[in-house]
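Undergrad: Shown below is the structure under consideration.
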Amino acid sequence: MFVVEKWMAKQVITVRPQDEIIKAFELMQEHGIRHLPVVERETLKGLVTDRDIRLALIPSPLSAPEDQVYHLGAVTRVEEIMTTDLITVAPNTTVEEAAKLMAKYKIGAVPVVEHRKLVGILTETDIIHVFIEMIEVLQSSSRIDVVLGENPGALDEVSGIFRQNQIKVISVSISPEKSGQASVYSFRIERTTVEPIVKELEKAGYHVVQALE
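Below is the structure:
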């Protein structure tokens, strides 16, 4: 299931509002990360990014580019540069919703909050891992598109037909209903020869729009 809780980083590196910016910089360098939630007494107060820190630190003119040394400028504390107007998600938010928020607000990470407490962080890298797994699922599965009609028990009946044929259903999606047309249910199933199950569905009175192995 593609929910944030499954994909977020749960062991989150954090800083406090009163920490010096140089400490945040060193943590990012040490752990290879670009976003640091700012936490006080387990409550999320803000977020600081590598860009925020680069703008606050002054590079030494005497250091070589490959061994750059930075100094604090007039701004010294994390709380002076952190973003406090945060976009957050809950653990049960879908990855799709989180990705849409990140794209809409042009941000590279979203803190995950539950009962006002930080419980994780989801980054662009995590989103990429999700899409890689989704592609692998698509490549190793088959798809059958079926019109279920008006019968409220149709979904259960079709699901039962898959079970009777020992076929695992990975996911079900519904295409938007067009004017005058019934909705089409797309069943993503484990890779199999689709012809026998198509015959079973049609025998039960269902219209199979297409079947892809």
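So in our numbering, spot 113 of the sequence shown is number 101, and the numbers just go up one at a time.
We put the CB at the ideal spot given by N, CA and C, even for glycine.
1. According to the Cβ coordinates, are L110 and A86 closer than 7 angstroms?
2. Can you tell me whether DSSP reads K(-6) as helix, strand or coil?
3. Please name the residue, chosen from T64, R176, M90 and A12, that lies closest to V125 on a Cα-to-Cα basis.
4. Taking 6 angstroms as the limit between beta carbons, can you name the residues of its chain near H195, skipping five residues before and five after?
5. Alpha carbon to alpha carbon, how far is E201 from R179? Give it in angstroms, no decimals.
6. Sorted by chain position, which residues of the same chain lie with C-beta nearer than 8 angstroms to K33's C-beta, five sequence neighbours on each side aside?
7. For E190, which option in Q154, R151 and V146 has the closest C-alpha, if you only look at C-alpha atoms?
8. Can you give the beta carbon distance from A44 to V63, rounded, assuming they're within the 8 angstroms contact cut?
9. Would you give the residue range spanned by the alpha helix (DSSP H) that G148 belongs to?
10. Is there at least one Cβ from chain C nearer than 7 angstroms to V66's Cβ?
11. Which runs of the beta strand (DSSP E) spanning at least 3 residues fall entirely within the segment 8 to 54, listed in chain order?
12. Measuring only the C-alpha atoms, how far is V98 from A192?
13. Apply the 10 Å Cβ neighbour rule to A170 and answer buried if 16 or more other Cβ atoms are within range, or exposed otherwise.
14. Which residue from A(-3), Y93, S128 and P184 puts its Cα closest to that of Q154?
15. Using DSSP with H/G/I as helix, E/B as strand and the rest coil, what is I92?
16. Go through its chain and collect everything with a Cβ distance to V118's Cβ below 7 angstroms, but skip five positions before and after it.
TA: Reading it off the structure:
1. yes
2. helix
3. R176
4. V135
5. 7 angstroms
6. P5, V26, V27, E67, M70 and T72
7. V146
8. 5 angstroms
9. A142 to Q152
10. Within the model displayed, chain C is absent; a lone protein chain is all it includes.
11. 23 to 28, 31 to 37 and 45 to 47
12. 46 angstroms
13. exposed
14. P184
15. Per the sequence shown, residue 92 should be read as Lys rather than Ile. Looking at K92 - three-state DSSP - the assignment turns out to be helix.
16. F(-10), W(-5) and V83
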